[in-house]
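These notes are about the structure you will find just below.
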Amino acid sequence: MSLTAIDPDLGILDATQSDLGCGRDWATVHRVRPRPVLLCPACHHRVHAKLSPGSVRFFAHDARTSRQCALAGESVAHHRLKLALASAIRAAGHHASVEAAGPEGRWRADVLSASPNGTNRWAWEVQLAATTNADIEERTARYAADDIGVCWVSDRSRNWLGSAPSLLVKTADGGGYAVEAGPAQFVTEECTCSHGHRTCPAGRHGHWEGDGEAPLREVVVRVLNAALLPHAPAGPVSLGSTGVWRWLWATAGALAEAEAYAEEERVGRERWRTQQIEYAARRFPEANAPLVSEWQETLAPAARQRLEDTALAQARAETGKPAFVHLTATAYHFGCGVLVTIGSAVPRSTRGWYGLIRPDPARLDMKLVEQLDLVLFTIPDEAAALRQAAPPGTRVVTVETGQNF
Ligand SMILES: [Zn+2]
Ligand SMILES: [Zn+2]
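The numbering of the sequence shown is this note's numbering, which starts it at 19 and goes up by one.
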């Protein structure tokens, strides 16, 4: 059964519209003798106008022609939903074409909606049968290629729900449909965890959760008016008992809140990492001073002086401020390199840290180098190893000292 049929003279008849979309009365096609010639838009076999027990108008394939046609296999439930979508779309002032075929047969939308100026197009796909996520994603991509959004609609909980923008609906009291799952809101609450900033860097907890029930008609209007936007959060979201969703519908406000929360988390995590580094710097320098000296003294004093002069000169030239070296301030995981700072910075905080002189490539903590954006000064013999170990983009300055190993 289908909701549209082709009249060879008049074109498409749309059973969801009172005038069949072409100024014609249902009575001129339903139970008329002789039978008017009507064809299925998908397989072009003969169909006839019919009424379901619930008085839904549709077109049924003539018995012998129904095999092998996708439209012929569609159920009453499928048609009721298509009908509900088409009337919600029309009530919102958008154009709805039922069973609309795409160019070169690329797709056939259960209902294709278009804004009055034709720019905002959505395919509303009723999918009641089980299928795979891959199938849903592939069909969604086909619409996307033609610049058409897709909303998948089902009246039963299916695994594929949420693998693309979708709505789970149910029959509402008093007829019609209600959306059970799909739209979501971003919710935050205070953090009372004992670990605080280590586990909850934003200082509060945020997550997506289902937005409760709403009439399908209302949700369709909000999608068409872009008051609800399809959104794929960073991770899958569990919406009540309806499983895990990778795509949700959210308001622009909720999206902004989620984005602000993600930024708070990022900043919090960054702050915590910096605190750890500062803590290590305060905690360990004296204990490691002998180790630093031992490593640095494998270079002749003249070579060490050369490195230090180069590093200080470059730091000064680049920042226009005085620079200093701190032999004892350097912890083991700085690879026993000597810290260079800008201004009168005492290395109690990471502010003003500029670079490291001759860190040991084998011992240097490269994450630290990356986070603090340190310039590494080294000798030719060790430059290759240091470059290889350092994060991409690290500045490594090679200084000719005349000493070889
Ligand atoms: Zn057919
Ligand atoms: Zn917490």
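Quick reminder that beta carbons are idealized off the backbone N, C-alpha and C, glycines included.
Cα separation between G258 and T206?
-> 17 Å
Can you have a look at H113 and say buried or exposed, based on whether 16 or more other CB atoms are within 10 angstroms of its CB?
-> exposed
Exposure label - A183; buried when at least 16 CB within 10 Å = Note on identity: in this sequence residue 183 is Pro, with Ala being the wrong assignment. With 16 or more other Cβ atoms within 10 Å, it is buried.
Looking only at DSSP bridge pairs, what is W142 linked to?
-> V129 and C169
Distance, Cα to Cα, F77 vs D27?
-> 17 Å
Do three or more CB pairs link the stretch 153-163 to the stretch 229-243 at distances below 8 Å?
-> no
For L266, count neighbouring Cβ atoms within 10 angstroms of its own Cβ and tell me buried if that reaches 16, exposed if not.
-> buried
Report all residues for which the CB-ligand distance to some heavy atom of ligand 1 is below 6 Å; order them along the chain.
-> C58, A60, C61, H63, H79, C87, L89 and A90
Would DSSP call H225 helix, strand or coil?
-> strand
Nearest CA to the CA of V65: which residue from P71, V50 and A81?
-> A81
What is the residue span of the alpha helix (DSSP H) that P59 lies within?
-> First-last for P59: undefined, no H or E at that position.
Any idea what DSSP makes of Q203, helix, strand or coil?
-> strand
So, is S93 buried or exposed, given that buried needs 16 or more other C-beta atoms within 10 angstroms?
-> exposed
Can you tell me which of the three DSSP states D327 falls into?
-> helix
For the beta strand (DSSP E) that contains K188, what are its first and last residues?
-> S184 to T189
Compare the C-alpha of G253 against each of G180, T269 and S311 and name the closest.
-> G180
Alpha-carbon to alpha-carbon, K68 and R42 | 16 Å
Cα-Cα separation, E388 to P409 = 6 Å
So the beta strand (DSSP E) P410 belongs to, where does it begin and stop?
-> Neither: P410 is in no beta strand (DSSP E) and is coded neither H nor E.
On a CA-only basis, which of F342, G361 and G373 is nearest G353? Give me that one, please.
-> G373
Kindly confirm or deny that the stretch 191-200 and the stretch 227-237 touch, where touching means at least three C-beta pairs closer than 8 Å.
-> yes
CB-CB under 8 Å to V187, same chain, minus the five flanking residues each way: which ones, in chain order?
-> L99, V171, S172, D173, Y195, A196, V197, E198 and L234
Top-ranked residue by Cα proximity to R176, from E156, V144 and G192 | V144
Which listed residue (T34, E117, G355 and T337) has its alpha carbon closest to that of M384 = G355
Delimiting residues of the beta strand (DSSP E) encompassing S115 | H113 to A119
Tell me, please, which residues DSSP counts as bridged to H75.
-> Sequence inspection shows Arg at residue 75; the His mentioned does not correspond to that position. Bridge partners of R75: L69.
Length of the line joining the Cα atoms of P308 and L357 | 15 Å
Per DSSP, cross-strand counterpart(s) of V50 = Partner(s): none; V50 has no beta bridge.
H225 Cβ short of 7 Å to ligand 2 heavy atom set | no
Beta-carbon proximity list for R139, same chain, < 6 Å, skipping 5 on both sides = A132 and I166
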